[in-house]
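Student: Quick one: this structure, given as structure tokens, is what I'll be asking you about.
Number of protein chains: 2
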Amino acid sequence: MSIQTSVNAVENGVPVPKPQYDLNSIFTDSVINASGPKTHPRLRQLMASLIRHIHDFARENDLTVEEWMKGVEMINWAGQMSNDQRNEGQLLCDVIGLESLVDDITSKLLIGSNYEATKSAILGPFFRNDTPPTENDASIIKTMPSDGEVVYMHGIVRDAATGEPIEGVIIDIWQCSTNGLYEQQDPAQAAFNLRGHLTTDESGYYGLYCLRPVPYPVPDDGPAGRLLQLLDRHPYRPAHIHIMAGKPRYTSLTTQIFDKNSKYLTDDSVFAVKEDLVVDFRNLEGNPKATLELEYNIKISEMKP
Amino acid sequence: MSIQTSVNAVENGVPVPKPQYDLNSIFTDSVINASGPKTHPRLRQLMASLIRHIHDFARENDLTVEEWMKGVEMINWAGQMSNDQRNEGQLLCDVIGLESLVDDITSKLLIGSNYEATKSAILGPFFRNDTPPTENDASIIKTMPSDGEVVYMHGIVRDAATGEPIEGVIIDIWQCSTNGLYEQQDPAQAAFNLRGHLTTDESGYYGLYCLRPVPYPVPDDGPAGRLLQLLDRHPYRPAHIHIMAGKPRYTSLTTQIFDKNSKYLTDDSVFAVKEDLVVDFRNLEGNPKATLELEYNIKISEMKP
Chain P
1 MSIQTSVNAV ENGVPVPKPQ YDLNSIFTDS VINASGPKTH PRLRQLMASL
51 IRHIHDFARE NDLTVEEWMK GVEMINWAGQ MSNDQRNEGQ LLCDVIGLES
101 LVDDITSKLL IGSNYEATKS AILGPFFRND TPPTENDASI IKTMPSDGEV
151 VYMHGIVRDA ATGEPIEGVI IDIWQCSTNG LYEQQDPAQA AFNLRGHLTT
201 DESGYYGLYC LRPVPYPVPD DGPAGRLLQL LDRHPYRPAH IHIMAGKPRY
251 TSLTTQIFDK NSKYLTDDSV FAVKEDLVVD FRNLEGNPKA TLELEYNIKI
301 SEMKP
Chain D
1 MSIQTSVNAV ENGVPVPKPQ YDLNSIFTDS VINASGPKTH PRLRQLMASL
51 IRHIHDFARE NDLTVEEWMK GVEMINWAGQ MSNDQRNEGQ LLCDVIGLES
101 LVDDITSKLL IGSNYEATKS AILGPFFRND TPPTENDASI IKTMPSDGEV
151 VYMHGIVRDA ATGEPIEGVI IDIWQCSTNG LYEQQDPAQA AFNLRGHLTT
201 DESGYYGLYC LRPVPYPVPD DGPAGRLLQL LDRHPYRPAH IHIMAGKPRY
251 TSLTTQIFDK NSKYLTDDSV FAVKEDLVVD FRNLEGNPKA TLELEYNIKI
301 SEMKP
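Top to bottom, those sequences are chains P and D. Going left to right, the first sequence walks through residues 1 to 305 as full-length UniProt numbering numbers them. Going left to right, the second sequence walks through residues 1 to 305 as full-length UniProt numbering numbers them.
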């Protein structure tokens, strides 16, 4: 019932100093053990670990009420700024590397460590699951910006274990325009601009025309932006294209590929860059529809039994 | 730049299995070290520790994207439910014992451990700093509930080090009515019902008439309530009265006192109960204004130099 047991000891008429606040883990244990028997075992495990880490964080740093309350205000602010267009709670996690970390952990769990599957990267907040189908070799540029460079992006999707091409893999591609805005953030862009929803053919091939990506800042008018500012960091992400690839019986891949010549490759504000995901946009000649080419082959893994 | 370094080793034509995801703390270090030189030293310390604990939490539990996203949704929900009347981010912290812990830490920092000052307890979300002054020995009951029991509450405020009574200490008292609602939550209660704002006289005395407190649930229609439900816990708090006591040059005391006969003393949903704060409401005879008496003396500490 109590955080500390207290004995008002007096010696020669003088109160004996005693530790007034017992900040060891007895209190933390009491909080963890308050969970009832009907708690789901996984939630029990997660909450016990989370409570212990958060209490340790408070104790190790002598966290004050005032400092804690600033954190509470930041969390409340994140919720208040979140809506259909943005997820500020997610973005707060992104700028401390948490989404990238749990993405890695999840991939490891799903794929295991034996296959040479394409590395994953974070989903981010701009995916749409309602993009209409795109024919192979079509353009996903519905609103062409004046400074856009067109890329012929193509590749083969293979089984990571056997190397065999896979037919019928659904590939989602999405990217922002050269102003750094995704179509749902920008009324000047046509609906589904720069979004493709393709299917690999019998040789595992997919191909489309898109834009060379550009760096852009994550939204920095909320608590995540405020945190970046307080941490003396910029909000920029290196130029990237989002990819999702999936087929029944295969582990769905969510990733991003990064232009090797982009700024911010080594200081992505959301820590999503992996060496294996850095790609080279090459000059393309003889194709009137594009000036650049990006060959990007993908390897996905059958689900573990 | 990368989470893992990768060597595509091949031995006798077979790819050599290698750890695909390097989940050690190199990644965590890179996130922590992203903070720039202009970061405030205290924020740098706090964020480094917080990032390390959160990453360790994710790694130790193989936290998945799906589980993390449930946490993000809970945080966003907390912000969306917060307003002038309630602070759901605070309440989420309360039900995992965090406010009680940082309250303890802060008191220790302010008071040190040498004085026998009255123990602190959490402020909670219902304090108002605009309560009008109350005369000593007046009643703070402006809306009398039919099932209310009136208490004559009084005591002497003393210096924790010298034992001398202190004149001119401002005492705020607040409590909910017998329906479990504070006046700002309940249109049926008069403004400032059950709130007192007193000043000790030259003998350190304060006195007022209030209600015997009752247990009540914390608001359980938001994420904190959902978390309590998932953890198979009830939302109730034991019967208590809030007290704040302050005077220039003294460390302000924020505490709660708990009825020793109340339910939930050992399983307060926000973990605020301390042994020293449990009090005894005694039968009172010969006073037409009250049937119960609570003598509660307070010791506050001069600020450390």
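We put the CB at the ideal spot given by N, CA and C, even for glycine.
Taking HIS240/P as part of the beta strand (DSSP E), name the residues at either end of that continuous run.
Tutor: 240-246
Student: Would VAL31/P and HIS53/P qualify as a contact pair, given that the criterion is a beta-carbon distance under 9 angstroms?
Tutor: By the CB criterion at 9 angstroms, VAL31/P and HIS53/P fall outside the cutoff.
Student: What are the start and end residues of the beta strand (DSSP E) that includes GLU295/D?
Tutor: 292-295
Student: Let me know the secondary structure DSSP gives GLU149/P once reduced to three states.
Tutor: coil
Student: From GLN175/D to HIS240/D, what distance separates their C-alpha atoms?
Tutor: Using only the alpha carbons, I get a separation of about 7 angstroms.
Student: Does the Cβ of ILE96/P have 16 or more other Cβ atoms within 10 Å, making it buried, or fewer, making it exposed?
Tutor: buried
Student: Between THR162/D and chain P, is the shortest Cβ-Cβ distance under 9 angstroms, so that the two count as touching?
Tutor: no
Student: Rank LEU228/D, TYR216/D and LEU253/D by C-alpha distance to the C-alpha of LYS38/P and give the top, closest one.
Tutor: Checked all of LEU228/D, TYR216/D and LEU253/D; the closest Cα to LYS38/P is LEU228/D.
Student: Have a look at GLY148/P, ASP186/P and ILE298/P and flag the residue whose alpha-carbon is nearest the alpha-carbon of ARG178/P.
Tutor: A small fix is needed here, since residue 178/P is Thr in this sequence, not Arg. Nearest C-alpha to THR178/P: GLY148/P.
Student: Against PHE271/D, what residues of chain P qualify as contacts under a CB-to-CB distance less than 9 angstroms, listed in chain order?
Tutor: ILE3, PHE27, SER30, VAL31 and ALA34
Student: Can you give me the Cβ contacts of GLY207/P inside the same chain, cut-off strictly under 6 angstroms, excluding the 5 residues immediately before and after it?
Tutor: The residues are ASN136, ASP137 and HIS154.
Student: In chain order, what residues of the same chain have a beta carbon less than 7 angstroms from the beta carbon of VAL214/D, not counting five sequence neighbours either side?
Tutor: THR178, GLY180 and ALA239
Student: Could you pull the start and end residues of the beta strand (DSSP E) that LEU211/P belongs to?
Tutor: Counting along the chain, the unbroken beta strand (DSSP E) around LEU211/P starts and ends at 205-211.
Student: May I ask which residues mark the beginning and end of the alpha helix (DSSP H) holding HIS53/P?
Tutor: 41-60
Student: Starting from the beta carbon of LEU90/P, find every residue of chain D whose beta carbon is closer than 7 angstroms, and list them in chain order.
Tutor: Note that residue 90/P is Gln in the sequence shown, not Leu. What GLN90/P touches in chain D: VAL72.
Student: Find the residues of chain P that neighbour PHE57/D, judging by a C-beta separation of less than 7 angstroms, and give them in chain order.
Tutor: In chain order: SER49, LEU50 and HIS53.
Student: Closer than 7 angstroms, Cβ to any Cβ of chain P: which residues of the stretch 203-224 of chain D, in chain order?
Tutor: none
Student: In or out: PRO235/P buried (at least 16 other Cβ within 10 Å) or exposed?
Tutor: buried
Student: Roughly how many angstroms lie between the CA atoms of ASN287/P and TYR152/P, to the nearest whole one?
Tutor: 9 angstroms
Student: Taking 9 angstroms as the threshold (beta carbon to beta carbon), is PRO235/D in contact with chain P?
Tutor: Output row for PRO235/D: interface = no.
Student: Going by beta-carbon coordinates alone, are LEU265/P and ARG282/P separated by less than 9 angstroms?
Tutor: no
Student: As a quick exercise: from GLN256/D, GLU66/D and GLY89/D, pick the residue whose alpha carbon is nearest that of LEU119/D.
Tutor: In the sequence under discussion, the amino acid at residue 119/D is Lys, which differs from the Leu named in the question. With distances taken between Cα atoms, LYS119/D lies closest to GLN256/D.
Student: Are the CB atoms of ALA78/P and HIS272/P within a distance shorter than 9 angstroms?
Tutor: A small fix is needed here, since residue 272/P is Ala in this sequence, not His. No, the pair does not count as a contact, with Cβ atoms beyond the cut-off.
Student: Are the beta-carbon atoms belonging to PHE192/D and LYS260/D less than 9 angstroms from one another?
Tutor: The Cβ atoms of PHE192/D and LYS260/D lie no closer than 9 angstroms to each other.
Student: So which residues on chain D does LYS38/P lean against when the C-beta distance must stay under 7 angstroms?
Tutor: ASP232
Student: Check the C-beta distance from LYS274/P over to GLU116/P and give it rounded, since I have them as a contact under 8 angstroms.
Tutor: Contact doesn't hold; Cβ gap of about 14 angstroms is too wide.
Student: I want to verify the contact list: residues of chain P whose CB lies under 8 angstroms from the CB of THR45/D, in sequence order.
Tutor: Residue identity check: residue 45/D is Gln in the sequence provided, not Thr. Simply ASN61.
Student: How should ALA245/P be labelled, buried or exposed, when 16 other C-beta atoms within 10 angstroms of its C-beta is the threshold for buried?
Tutor: buried
Student: Using beta carbons (cut-off 9 angstroms, strictly below), is ALA78/P in contact with chain D?
Tutor: yes
Student: Report the rounded CA-to-CA distance for HIS242/D versus VAL278/P, giving the unit in angstroms.
Tutor: Their backbone Cα atoms lie some 59 angstroms apart in a straight line.
Student: Looking at LEU198/D and THR134/D, is the spacing between their C-beta atoms short of 9 angstroms?
Tutor: Going by C-beta atoms, THR134/D is nearer than 9 angstroms to LEU198/D.
Student: Between residue 329/P and chain D, is any beta-carbon pair separated by less than 9 angstroms?
Tutor: Absent from the structure is residue 329/P, since the part of chain P shown begins at 1 and ends at 305.
Student: So is SER203/P buried or exposed if we call it buried at 16+ other beta carbons inside 10 Å?
Tutor: exposed
Student: Run through the DSSP bridge pairs and tell me what ALA138/P is partnered with.
Tutor: For ALA138/P, which the question treats as bridged, DSSP gives the partners LEU208/P.
Student: I want to know whether the stretch 209-224 of chain P touches the stretch 155-167 of chain P - three or more CB-CB distances under 8 angstroms.
Tutor: no
Student: Could you tell me which chain P residues have their CB closer than 7 angstroms to the CB of ASN297/D, listed as they occur along the chain?
Tutor: Correct list: empty, because the minimum Cβ distance to chain P is about 14 angstroms.
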